[in-house]
Structure formats: C-alpha cells, structure tokens
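Participant: Quick one: structure below, then a few questions.
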Amino acid sequence: MSSSLEDHEFPSVSNHTKNDATNLKGIMTFINSDAACRAPTQEILKILQTDAKLGLNENDIQLRQKFYGHNDFDVDDDEPIWLKYLGQFKEPMILLLLASALISLILKQYDDAISITVAIIIVVTVAFIQENRAEKEIEALKKLVPPKCTCIREGKSHLIYARDLVPGDLCILDIGDRVPADLRLTEANDISIDESSFTGETKPSVKTIEPLVCGSRLTSIGDRKNVAFMGTHVLNGNAKGIVICTGENSEFGKVFQLMQQQEAPKTPLQKSMDTLGKQLSFYSLSIIGFIVIVGWLQGRHLLEMFTIGVSLAVAAIPEGLPIVVTVTLALGVQRMAKREAIIKKLPIVETLGCVTVVCSDKTGTLTKNEMTVTNILTSDGQVAEVTGSGYNSDGDVICGTQRITYDSHPSISKIVEVGAVCNNAEIINFQLRGQPTEGALLAVAMKMNLPHLREQFHREHEWPFTHEHKWMAVECIQKYNPNEKRVYFKGAIEQVLKMCQKFLHYGTPVQLTDEKVREFLMDSNQMAAKGLRVLAMAIGTSLDDLVYVGMVGIIDPERPQVALAVSQLKAGGVQVKMITGDAEKTAKAIATRLKIYDNTDLSISGEDLEHMNAAELDAAIAKATIFYRVSPIHKLTIVKALQTQGHIVSMTGDGVNDAVALKAADIGIAMGQTGTDVCKEAADMILVKDDFYTIMAAIEEGKAIFHNIRNFVRFQLSTSIAALSLITLSTVFHFPNPLNAMQILWINIIMDGPPAQSLGVEPVDHDVLKKPPRKVTDPMIDRRLIINIITSAVVIVVGTLCVFYAEMRDGKVTPRDTTMTFTCFVFFDMFNALSCRSQTKFIFQIGFFSNRVFLISVLLSIAGQMAVIYFPPLQYVFQTEALSASGNIEKFEAILKCDRINLEELKTLAFNGCPTDNGIRSLTWKILLNYLFIDRTKWASYLSKQREHYRGYIRETIIKPGLKSTSHSDIVDHPLNCAADSSWTAYFKENEVLLQIDKDVRRLCPDLCFFQRKTDYPCAEIMNQEVGFESLRKRIVSTSLKVESQSHSRLTGRLEFQSNKSKCPTIDDNEYEVLANGSEAHWQVVERILFVFSQLNSGQSYVQGMNEIIGPIYYTFATDPNLEWREHAEADTFYCFTNLMIHLRENFMKVYDKSEFGILGRMKKFSMLLRELDKEVHEHFEQENLKPEFYAFRWLTLLLSQEFHLPDVLRIWDSLFVDHEKYLDFLLYICCAMVILQRDQLLNGSQAQNIKLLQYYPPDTDVHKILQKAVELQRIHKA
C-alpha cells in the first residue's frame, strides 16, 4: 500500500455481527477522493477487493450493503412535528402574551383571555407552516442522487438504483449522465464533466485515469482529474470507474455534514421583537406598580388596586403586534413572489433591509453560466460583435453597422464554419449536450442562420482535445464534393499559430511571419484582458498545411442589470464582494466590468485564507472585494468572519459549493433556473428568473416592512395608552367611567384589526433605498417614536375628555354620553391611524389614496362603529343609543321611492325600527303585510281597484241590509219568524256580533283620545244615504229586540282580557263626544271595518281581541302625513288586517286550540323554548305552578298590544311584520326575553307576586332592550 493511503480509516464493527466483521476484514469504509486520486488504479482495486472488468459478486454486494448502508443521506428527525410546533412558543413576545392570557383567565376576564389566545394561535400557526416548509435542505440532497445508474456486476451490465451502490462497484458513465457516487476512473474516453456546481469553474473538467503526483500537498476538487464526483454532470465522452465513496462519505456528503452543523442565525427583526417584548414587560410592571402605589396612598385596598393594575397592564400589551408582524411579512412575501422572488422564511423579508454586505458567487449568479461568443476577429483585421446570449439563435453578428450573412463577409463566415464543423456538441431544444465552449460556437452559427453546417460534411478522422497539445482537429469530406478533403482546426492561439504556416488575407493565403504572429498574440491578449476566453481557428488540407483564419472571444456573460444593481447597492451603503472558484484573471475582469472591483481593492485566493491568522483574516476580508479559487469551506469562513465584524451578510449562489455558506449567511439567495436543488433548499430566498436586480427590490421591500411595522407599533401603543389613560384617570381620581368594558374591547378590536393591519401594507417609499441599512442594535421603539406615541395619545385623551365633559354637564352619565365619548374616541383613533402611515411625511406627500387597503379598512371600521350605534342588537351589547335617525329616514325613503322596491333591504331596516316621519311606517307596513306590490308602477291601478272593492263590501254588508229594514213589502217574513232561512234570524245574529264589536271598540286604546275624535274622511257611501237608512249606529241604539249579549270571547272559562294599562279609566258611552250629523269618529270607522270583516268571514266572524290587533294598524294609517294615504286609511286597514288575520286566525278559533298552531300549542312551544334558554327560570315556574296560561296567553294572542304603550307596540310590530308569516317564532323569543330580563325578581318572588308581575308587565320597560335580548336569544338558540 502506498504511503498516501496509510492514514485511511477502517470501519467500526461494534454494531455488526462478528461474521460480518470477519468477512469484511481488510475492506476500508471508503477511500476519500484526495487519497484515491494519488493511487494507481490497481492499488484501488486491491484495497476495495473488486475487479476492473467483472465488478463485485452478489455475496460481496449484500455484505457491503449491510455494512455501508444505502448510497443516500440519512436525515435524523427525532423531533415530532407537535414538538416543533410547541417550539414556536419560545419567543419572548409570545411568552409575554401567554402570561397575559393566563392572568386574564385568573381575573375572569374571559374576553381578553380568548382574544389573546386566538392571536397567539394565529401567529404561531402561520410561522410554523411557513418555516416548516423551509426545513427541507437535507431532503433536497437526495434529489441530486440520480434514481438509476449503469453498473457492472459479475461481468454483466445492470441498470440499478443509485442508492444501492456500494464501494467497489464498477460504474459506467456516458454523456448526459449524472455521476451517482464518487468514482475513481479506470477508463476514460474523451470524457469531460461539468463541476461548476462544486468548484465555480465554468470550464469543464477533462478527466484522465493517471494518478496525480503532488507530494504531500492537499489537493483541491479541481485538481483531482481522475475522480468523478457525485452530483456532477457528464458533458462529453464516456468512462468507467470504481465507487470509492457513497452517501455521506462522498465529497457531496461533506457538504451535507457541514450543512447539518449550521444553524440559521436569528434575523434582526426577531432580535428587535425580543427586545420589544422585554420593554413591554418592563412597562407593564411599571403600570402595575404605579397603580398600586397611588391606590395605597389613597387608602384603597391593595388587592383591589393590584387587580386593577394587572388588568390595565394586560390591556396595554398589544396582542395584535405578532399578528401584524406575521401578516406584514406574509404580504411582503407575496409582493416579492410577484417580483419573481420566493421567500421561504417570513422574517427574512425584513432582514434584507438590514443587509450590509452582499457576497455573491460569480458563475451562474453574476454571470449566466452560458458560454457565449461576443467578439470575432479575422486574420485580415475584420472585427465583428455578437449579440444575444445562451444556446439559441437570438441575436446577430454585426460588423460595423451591418448584419452579417454567410455571403456578406467570407472571412468571418469562415471562422464560424470552422467552429461549427470542428465541434462535437449538440443543441437540442435550446439545451446543450456537450462542451459549453463548443455550444457557444454552434450558437454563433445559428445566429447567422447556419445551424446545419456540420451536416454538409462527412467526418473521416478526429484528433480530440488534450491538455498536452490544447487543440482539436477533424478531417472531413464535403458530401457534395467527395474529392475535396478539409481539415478544421481550433485551439489555444499559441498552439494554433505554431501549427500554421499561412494566414488568410481577404480570401488569399499569405505567409505567416513572426511579426504577424506577435500582432495576432497582441490581439489575443487584449481580448483576454477583457475576461474573454480566446479560441483560434485554422483550415487546411492537412495538419501540415494549415491556414490561420482568426479568433473568437468567449465569455460567460453578466446577467442583465447586475451592474446597475451593484451601483445602487453601493449607493445605499451595502458592500458587494465576489466569491468564486474561478481564476483570478477572469474574476477581476468580470468584477471590474460590474464595478465590484477597482485597483485599490484586494483580491484573495482560498489558499491565502488558509494561511492567515484571525487578525489578518479580519483585516483582509474587510478590504477584499474578490475571493477566487475558493472551496465551500472557504466561503463559510468568509461569511462567518463578516458576521463576526457585525455585518448582516447576504450570500448569493447557484451551486452545491455555495450551499453551506447560503445557510450560514443571514440571508441566502439562490438562483431559481440555474441553481442546484440543494442550493435552492439551503437558501432563504430564490430568484425565480435568476435576476440579480431583484435583490434591490427585495432590500427595498425589507426596509419598507420595518418602517410599516414601526408605524403599526406607534398606532397600537398610542391607542392603547390613550384608552388606559382614560381608565386610569377615572379610577385614580374617582371620575365617572367614560367607557364601559365592551366599548374598550371594541377599541381593542380596532387597535388590532383592519386599520392596524392595513398599516403593514403601506406601499414602499422609494426614498428608503437612499437610507443606509438599519443597524441591528437599533431598538424598535426609539426616542422619536416614543414622542410620537405620547403626542398621539395626549391628543386622543384630551379630545375625548372634552367631549365627555361637554356631554355630562347635567351631572349624569347617560348612554348618550358614553356613546358620544366612545364614538369620538374611535374617530380620533382613525385620524391617528391616518397620521401613522408615515413617520416623516405628511399625508398629502405620501398620497391619500396610495394605500387603498387602509382606506377600505378605515371605512369598514367606521361602518362597524355605525352598526354599534344604530344596530339594536349591538346597541344592547355595547350599551349605546342612536345619535341621530336622519340617516335612517333617508335610507327608507331611498328604498321606498324606487320603482321596484328591494324587499330584503326594506326588511333589514324595518326590523331595526321604522321612523314615524313622512309616513314611512305606514307605507312600510302596507308592503310587509303583502298589501302593496314591490313594483310601484302597479300601485295606482291596484289601489283604485281594491278601494272600489271595499266600497262594494260596504254596500253589500251595510247599505243594502239597512235599506231593506225600511221596506215592509215582504209580509211572509217577520221578526218573530224562527225559520233558519229567515232574514230576520240572520239580522239578529249580525246584531249580536255588532253589539260585541261596539262594546270592544269603545274601549280601544283608552290612554289615547285619538279614537274618540272625528275623522276627516267619513265614509261617503254611508253619509250620502236617505234619512230612513238604518246605519250601524242606529241598529245598535234603536233595535227593538233586547237580546242578552252573549260574548264571543275566546276567554270563556279563562282569564278575561284586561288591559295592562289599568291606570287609564274606562270610557263610558256617555263620555263619547257627540258629533254633528255627517261626522264620524275613528272608533266608528274601526267598528265598520270589523263588521265588514265579520260578514265576509262568516266562518271566523269577529272574536274579542281582534279590536286590539286592528287598532294600532288603523292608528298608523290614519295618522299618515300623506293626505292621499290618510283618506283611504279605512280600506287600506281592512286589507292589511285581513292579510294579517290569515296568519293569526288559529289564535281566535277554538277549534284550533289543541293543534300545533293553536294558542295552546303556541304556549307549549313558548314553555319549551324558555326551558332551553333559561332552565333555572323554567324550573322555578314549574315548582310555583306558574303556567303560561296565566300570563302568556294574552302576550301571544294580542301580539303584546296590551303590555306596552302604543308607541312601543308599534316598535315591536316593526320587527314582527318583517316576516309576519313566521312572526310567531320571533314573538316567542320576545316573550322569553321579557321573562329573562325580569329573572332576578321572578326567582326571588312568590307565585302571586310573579303572576302579578307578568300579567301587569312593567309598561315602561325599554322595548329596545327586550328586542335586543330577543335577537341575542334567537342567535344563541339557533347556534
């Protein structure tokens, strides 16, 4: 064994059986590539106990697979996913919020506890999902191991999975293959391998099988010409090789191990948030201490003051801050995605704004990693420039200002011909198969529309390129002229000129002199000084008769806008450094063109770095802008050294050799199109289009995000401090409390809600690019921000207190006072949010409409505030009252004036109460009770027709019978005729009904004088009759038969209807105003309507209680300010009452009592609903034998018309009529709300007291509270 192999490690057999250890005795675990490249092939075969032709046998393979394992990368992931999720709770800000939630729970402030907990869960979950996706670097390494490879085992070729390879296997490589493991080559046929992802060197590595002689010096990856490395790509030729290393032991595996050892550093934003969390903790403790001390000095109980202090401190903590940070970062990620940049970790977006140094790989990052011909220089001095880049036909060959074709410039065309024919590469679908240099030559031919030049020749012989002679030649015969042989020759210019005796001068071969050779070499050096790789061309009939035709300059072109990006980065205070595995000369040329390097800067090689101590390393890295011939470990060293100096480092790259440094950097940036899988997964940001300029947009976004977060902090803390100051002042100085608990909660919702969140999406202020990177040590809350916060808070507090003082001059705190104060606070806060959009500019400078999301959020918040003030259910919750109804009237009028009325909108408005102004309630009820169509255009004809029908009903039921009573022509029939078909029998029955109606309507709404007053529109049909006509009134007064009134009351055997308004005296007949002839009182109109109804509905007739239903309807219609509507109030009331009774008839017909829809069934439903909503009250009623029949019968039958004053009844009916077909359902909730609102008194009262309370329900109770409670109960029950 050679000395170079003496230090190799042998396997540990502690975890294997003794038989395995015996069988594998003497076999090494692996031979690293540094040692393998020095040893001869036979020595490698001997060490690995394999055969160069037959490979391994099956027994050896099984033992080695058992011992070595699979050729892949094991990912140790012992931590379960739930534990990773819990790990998100370690952040100081999250811990502070958890403490706040716990304290709120202990103090029974459940709303705060729930809101804080929800905020924590949202933040933690979003961060976990985003970051869990990013932790896949190790899995990506597996993608670079090809799924299958060709292997010789037991002398036969097999296509096997690459993961099944073991050291000692014999593999075959061919063009296009990806190397499956580290191989020591045993055969090599013109094979070249792309190792740019490892070394950064764009020039393919030409492989040999000869051992490397280099003494004891450690070789680099690029030096090991007889080793093929895992993950690299075969560009040309074929080879065989013995597997020396697999999996984690390969050179690729070393990158894997380094990556496992690296931990992504905390981002500056995370550090700032940690600091902010500690600051807020300090401020919270200070608040508690201050409150406790002040209270103690006032002589108040310490525990009480401590509780108040803790509550205020918890409220002071902005639980929305983590949410807005997360949302702002997530939106930043989305905006960057639109700019073709994928951000994998949320905080990375903001980190870009702190970057002070950008370290960039050259090949594939600053350049395209696509060799491109840019210059052509002929032997007779013609110069051409080539545009376009990549392996395609995009671009032109231009000489002066003329576009070159094949015939226009023969000298230039000859160079292109040589490059295309003396070439083994192929471009298929714009993908190169072969050497990049040869691909560049083919691309030039394509740009001149000569893609098939090579097909015109038949190749007779080839002299392949070797490192010794550095040229390639082919001998060809033209297919159309087989007698003519040509030799096409290309290579390094020094070698080409040595082989040539002549040069081509305007189509004529001329003798090549030494002076001309020096001239051509000088031209070559000028090209090389620009960073171009020079390739010379010649043509002849044989190798002894070559004519030099010219040269081409090839370069890996810079990416578009890289130079502009570098300039802007430097202008913004960001340093740019190039790190490459390429040669110094090439690196300097590229860096100079990109303005990264000038003559005063240092350029340092990777080997130089290894010989420097810590002090020298720091000094050199600070001054150097180019690092060349570096390995992955060198890149890591550079990044770590810069971070030690306090820099925030961004590393850009595209190859495997960049992966470790990408992960170690504060932000790693990978190329999306040319980058390797492992590079993309190790990075924090991926440039989808490989556009380096995108980094500028990312840095701009990062700086803007931090400013937006600070704007949010200013808004949230100023709002929080203002709210706390109001409560603190009222607590400490015993002021009335200007805000209640629910109002403070609403303010907190706004503080953490849409307006606050929308500050995080404020558009980028392009002036931020001109500012230097943010210092990591700068706190989130600095002195200037504190001043702004305090100023905003003082303005809000002073303004709110002024309003509060003005509202409570009467010395009482009413709902209106708190509503005004509450509303003013919210509007002050909205203006505060507007001012928080920028810390340095006025709103008119940044543009009022530039952040539409903010405007929408503010409008939504204002809409929410309006709902809190005007929406009855929310009024109940937040204890507010409507400040003005004018806006509501306008909404009703807008809907009611439309040709086609939006019924749903009308119902929504009506449910919250109809205004009495402008006849809105009257018109709305007519629509809701299905009397009027939603199509206004049909009203005129329909109303005319219906009113005429009603006049007809009067004639049929009142006028004709009245006229017949004066006629005595019928001598057969007489009043004493008892026959069933006697008209007198029907007459007497109608009189019974009429007498009951008369009795009931006379006591209609006794607390109002309205029904006793005369109507302005008496019935003309009645008034215009002859003197002998018997009106309804005459029938009642002058009837000759005194029939005892038999009440048709529905209450026979039950409680009689008694008005809840017992304090109002009953009006006797004699107390009615005596009206002049031709006049009618309103009660007479109602009487007539009910009589007509009874006659037209003989099956139902009239039942006591209907008068209480029709009264409010007629009152509403007869007081309509619109004279036309008022004139026809009688007919309109008749039809609306009739429609309503369709749904109420079960309440007034005894036959339906025991049905589901009858009154007994309704009371049973009410009892069951009360049990579900308040079991305690229901059980108490059961114990007291307090049945619904004792109180709810009247509630349900008369729609609560007897329980409240008429204005309150009308308000309740607004809500009931919204869906009158289902009104009874909502009525049940109203009845339950009435009971529950009195629950304390009911639970403590006796049966007699409770019956009295419910039968005489307090008529002055606020019906708005009852309705709000009913809505709340309905929502809870249905949920």
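Positions 1 to 1279 (full-length UniProt numbering) are the ones given, in order, by the sequence shown. Even glycine gets a Cβ: it sits at the ideal position worked out from N, Cα and C.
#1: May I ask you to report which of helix, strand or coil DSSP gives proline 1207?
#2: Quick one: grab the DSSP three-state call for valine 630.
#3: Tell me whether histidine 1264 sits in a helix, a strand or coil according to DSSP, three-state version.
#4: Between lysine 516 and tyrosine 548, what straight-line distance do the alpha-carbon atoms span, to the nearest angstrom?
#5: Any chance the stretch 570-582 sits against the stretch 502-516, with 3 or more Cβ pairs inside 8 angstroms?
#6: Ordered along the chain, which non-local residues of its own chain (more than five positions away) have a Cβ less than 8 angstroms from that of arginine 774?
#7: Hey, could you find the ends of the alpha helix (DSSP H) valine 547 is sitting in?
#8: Assuming alanine 910 and valine 1151 make a contact with CB atoms under 8 angstroms, what is their CB distance in whole Å?
#9: Glutamate 1189 and methionine 1149 look like a contact to me (Cβ under 8 angstroms); what is the Cβ gap, rounded to whole Å?
#10: In angstroms with no decimal places, state the Cα-to-Cα distance between glycine 289 and serine 720.
#11: Out of curiosity, what's the CA-to-CA distance linking asparagine 613 and valine 552?
#12: Taking tyrosine 1115 as part of the alpha helix (DSSP H), name the residues at either end of that continuous run.
#13: Which of helix, strand or coil does DSSP assign to methionine 230?
#14: Between the Cα of tyrosine 1229 and the Cα atoms of Ile934, Leu173 and Lys1165, which residue gives the shortest distance?
#15: Roughly how many whole angstroms lie between the Cα atoms of valine 325 and alanine 664?
#16: Helix, strand or coil for proline 451? Go by DSSP, reduced to three states.
#17: List the residues that DSSP assigns as beta-bridge partners of cysteine 151.
#18: For proline 632, which option in Gly606, Ile796 and Leu785 has the closest C-alpha, if you only look at C-alpha atoms?
#19: Between which residues of its own chain and serine 389 is the CB-CB distance below 8 angstroms, once the five residues before and five after are set aside?
#20: List the residues that DSSP assigns as beta-bridge partners of lysine 1014.
#21: Would you report the Cα separation of methionine 499 and leucine 450, rounded to the nearest angstrom?
#22: Let's see if you can read the secondary structure: which residues bound the beta strand (DSSP E) around lysine 490?
#23: If tryptophan 1083 and phenylalanine 1157 are in contact, beta carbons under 8 angstroms, what's the gap, nearest whole angstrom?
#24: Relative to the C-alpha of isoleucine 876, which residue among Gln334, Gly69 and Leu1273 is closest?
#25: Should the stretch 150-159 be regarded as contacting the stretch 422-431, the criterion being three or more beta carbon pairs within less than 8 angstroms?
#26: Would you mind sorting arginine 900 into buried or exposed? The rule is 16 or more other CB atoms within 10 Å of its CB.
#27: Using a 10 Å radius around the Cβ and a threshold of 16 neighbouring Cβ atoms, would you call glycine 491 buried or exposed?
#28: When the distance is taken between beta carbons, is aspartate 169 closer than 9 angstroms to leucine 56?
#29: Of the residues Ala99, Val418 and Lys841, which one's Cα is nearest the Cα of asparagine 711?
#30: Just verifying my parser: in three-state terms, what is the DSSP assignment at isoleucine 997?
#31: Per DSSP, what are the beta-bridge partners of valine 649 in this structure?
#32: Using the three-state DSSP reduction, which class does alanine 341 fall into: helix, strand or coil?
#33: Give the secondary structure of glutamine 501 by DSSP, where H, G and I count as helix, E and B as strand, and everything else as coil.
#34: Find the nearest neighbour of glycine 1078 within the set Cys1136, Lys1014 and Leu834, judged by alpha-carbon distance.
#35: From which residue to which residue does the beta strand (DSSP E) around glycine 668 run?
#36: For cysteine 399, write down the residues that DSSP places opposite it in a beta bridge.
Facilitator: According to the data block:
#1: Translated into the one-based positions of the sequence shown, residue 1207 becomes position 1207. Helix, per DSSP.
#2: Counted from its first residue, the sequence shown places residue 630 at position 630. Here valine 630 sits in coil by DSSP.
#3: As a working mapping, residue 1264 is identified with position 1264 in the sequence shown. Here histidine 1264 sits in helix by DSSP.
#4: Translated into positions along the sequence shown, residue 516 becomes position 516. Translated into positions along the sequence shown, residue 548 becomes position 548. The straight-line gap from Cα to Cα measures roughly 11 angstroms.
#5: no
#6: Taking the sequence shown and counting its residues from 1, the one referred to as residue 774 is at position 774. The residues are Pro268, Gly353, Cys354, Lys703 and Phe706.
#7: The sequence position of residue 547 within the sequence shown is 547, counting from 1. No alpha helix (DSSP H) holds valine 547; the beta strand (DSSP E) holding it covers 546-555.
#8: Locating residue 910 in the sequence shown gives position 910, counting from the first residue. Locating residue 1151 in the sequence shown gives position 1151, counting from the first residue. Here alanine 910 is actually not in contact with valine 1151; their C-beta atoms are around 33 angstroms apart, not less than 8 angstroms.
#9: Working through the sequence shown from its first residue, we reach residue 1189 at position 1189. Working through the sequence shown from its first residue, we reach residue 1149 at position 1149. About 18 angstroms separates the CB atoms of glutamate 1189 and methionine 1149; that is not less than 8 angstroms, and the two are not in contact.
#10: Position 289 of the sequence shown, counted from the start, is the residue given in the question as residue 289. Position 720 of the sequence shown, counted from the start, is the residue given in the question as residue 720. Distance between the alpha carbons of glycine 289 and serine 720 is about 18 angstroms.
#11: Looking up residue 613 in the sequence shown gives position 613. Looking up residue 552 in the sequence shown gives position 552. Roughly 44 angstroms between the two C-alpha positions.
#12: What you label residue 1115 is simply residue 1115 of the sequence shown in a count that begins at 1. First-last of the alpha helix (DSSP H) with tyrosine 1115: 1106-1118.
#13: In the sequence shown, residue 230 corresponds to position 230, counting from 1. Coil, per DSSP.
#14: Walking along the sequence shown from the start, residue 1229 turns up at place 1229. With distances taken between Cα atoms, tyrosine 1229 lies closest to Lys1165.
#15: As a working mapping, residue 325 is identified with position 325 in the sequence shown. As a working mapping, residue 664 is identified with position 664 in the sequence shown. Their Cα atoms are separated by approximately 24 angstroms.
#16: Taking the sequence shown and counting its residues from 1, one reaches residue 451 at position 451. Residue state, collapsed to three classes: coil.
#17: Reading the sequence shown from its first residue, position 151 is the one you call residue 151. Note: cysteine 151 sits in a beta bridge opposite His158 and Cys171.
#18: Sequence index remark: in the sequence shown, residue 632 carries index 632 (1-based). Of the listed residues, the one whose Cα sits closest to proline 632 is Gly606.
#19: The residue labelled residue 389 in the question sits at position 389 within the sequence shown. Exclusion of the five residues before and after serine 389 leaves Lys368, Glu370, Thr372, Gly395 and Pro557 as the residues of its chain whose Cβ lies within less than 8 angstroms of its Cβ.
#20: Position 1014 of the sequence shown holds residue 1014. DSSP lists Ala1081 as partners of lysine 1014.
#21: Here residue 499 corresponds to residue number 499 of the sequence shown, with the count starting at 1. Here residue 450 corresponds to residue number 450 of the sequence shown, with the count starting at 1. Near 28 angstroms, if we compare the C-alpha coordinates of leucine 450 and methionine 499.
#22: Translated into positions along the sequence shown, residue 490 becomes position 490. Looking at the DSSP string, the run of the beta strand (DSSP E) that includes lysine 490 is 481-491.
#23: For the purposes of this step, residue 1083 is identified with residue 1083 of the sequence shown, where counting begins at 1. For the purposes of this step, residue 1157 is identified with residue 1157 of the sequence shown, where counting begins at 1. So it is not a contact: roughly 31 angstroms between Cβ atoms.
#24: Numbered from 1 along the sequence shown, position 876 holds the residue referred to as residue 876. The residue asked about is misnamed: residue 876 is tyrosine in this sequence, not isoleucine. When only C-alpha atoms are compared, the closest one is Leu1273.
#25: These segments do not touch.
#26: Taking the first residue of the sequence shown as position 1, residue 900 is located at position 900. Under this definition arginine 900 is an exposed residue.
#27: Taking the first residue of the sequence shown as 1, we reach residue 491 at position 491. Buried is the call here.
#28: Translated into the one-based positions of the sequence shown, residue 56 becomes position 56. Translated into the one-based positions of the sequence shown, residue 169 becomes position 169. Yes, Cβ-Cβ distance for leucine 56 and aspartate 169 is below 9 angstroms.
#29: Taking the first residue of the sequence shown as position 1, residue 711 is located at position 711. The candidate whose alpha carbon is nearest that of asparagine 711 is Lys841.
#30: As a first step, residue 997 is located in the sequence shown; it is residue number 997 there, counting from the start. Looking at isoleucine 997 - three-state DSSP - the assignment turns out to be helix.
#31: Locating residue 649 in the sequence shown gives position 649, counting from the first residue. Answer is Val357, bridged to valine 649.
#32: To locate residue 341, count along the sequence shown from 1; it is residue 341. DSSP places alanine 341 in strand when its eight states are reduced to three.
#33: Here the question's residue 501 lines up with position 501 in the sequence shown. In the three-state reduction of the DSSP assignment, glutamine 501 falls in the strand class, which pools E and B.
#34: Start at 1 with the first residue of the sequence shown, and residue 1078 comes out as number 1078. Ranking the options by Cα distance to glycine 1078, first place goes to Lys1014.
#35: Mapped onto the sequence shown, residue 668 falls at position 668. Looking at the DSSP string, the run of the beta strand (DSSP E) that includes glycine 668 is 667-671.
#36: Along the sequence shown, read from residue 1 onward, the residue named residue 399 stands at position 399. In the DSSP output, where bridge partners are listed per residue, cysteine 399 has Gln402.
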